[in-house]
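S.K.: In this note's numbering, the protein residues as written are 1112 to 1359. Note that the Cβ used here is the ideal one computed from N, Cα and C, for glycine as well. Mind looking over this structure? Questions follow.
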């Protein structure tokens, strides 16, 4: 361990759909991408068709290279595969589509209600606060900065740095080592039940599901939450959140 004594506790947050609304940003970015395709190449499809293709290629890359390979996150690669299948040239459009995606995403970023106040409380209490996220470093660092959270975060751990993707045990073990905390004294909060909750709990962390009312919980997840007594955060402004995190 880095220090002579381990930290007493640490709290990790997922980023996408946990600290901001990914759906809003993603839809706007995909709409801008389709507008570019129509203007530059005469593409006739709509956003939903484009979205399905982009995520189909993500799955194809994962199937070929494995679940812990970061290539699946490259929108340049996925756009290149999409363009080639549609009969267009990948260059220069694949790179430009990635640029457009992130330009628009950053423009639409807004922190989840109450998250800034909660992070300030955690910092005041001297709690190590980390971000654990599946993606490459550049866009995730940009998101944190543009959300105004940089001064409230101890460390950002993208899967590019950890060498593993959630829900791999290696990812959560890396987070615990970086925080210098026993996994049993670590809370991991995220919106994805499999990636964030199940993955962290498998290593002994306290997995907490972030499920705001605007997001419908599947029946399967709802049943697991009840059966396994999973803590759920509906609103970061709820004063009970600090008690749930054992901070108050």
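1. Span of the alpha helix (DSSP H) holding residue 1252?
2. Identify the continuous alpha helix (DSSP H) that holds residue 1216 and give its terminal residues.
3. Quick one: any contact between the stretch 1205-1224 and the stretch 1130-1147, if contact means 3 or more CB pairs under 8 Å?
4. Should residue 1113 go down as buried or exposed, given a rule of 16 or more other Cβ atoms within 10 Å for buried?
5. For residue 1266, which three-state DSSP category applies?
6. Got a sec? Which residues, its chain only, sit under 7 Å from residue 1267 by beta carbon, not counting five neighbours each side?
7. For residue 1332 and residue 1304, which I take to be in contact (beta-carbon distance under 8 Å), what is that distance rounded to the nearest angstrom?
8. For residue 1119, which three-state DSSP category applies?
9. Count Cβ pairs between the stretch 1312-1321 and the stretch 1342-1357 that sit closer than 8 Å; are there 3 or more?
10. Within the continuous beta strand (DSSP E) that includes residue 1297, where are the two ends?
11. For residue 1351 and residue 1223, I'd like the C-alpha separation in whole angstroms.
12. Would you mind reading off the limits of the beta strand (DSSP E) that contains residue 1242?
M.R.: Concretely, from the data shown:
1. It spans 1248-1257 - the alpha helix (DSSP H) in which residue 1252 sits, taken as one unbroken run.
2. 1204-1219
3. yes
4. Residue confidence is low: residue 1113 scores 48 on pLDDT, short of 50, so the model does not pin down where it sits. No coordinate-derived value is stated.
5. strand
6. 1242, 1251, 1252, 1255
7. 5 Å
8. coil
9. yes
10. Here the beta strand (DSSP E) through residue 1297 covers 1297-1301.
11. Residue 1351 and residue 1223: Cα-Cα distance of roughly 17 Å.
12. 1239-1244
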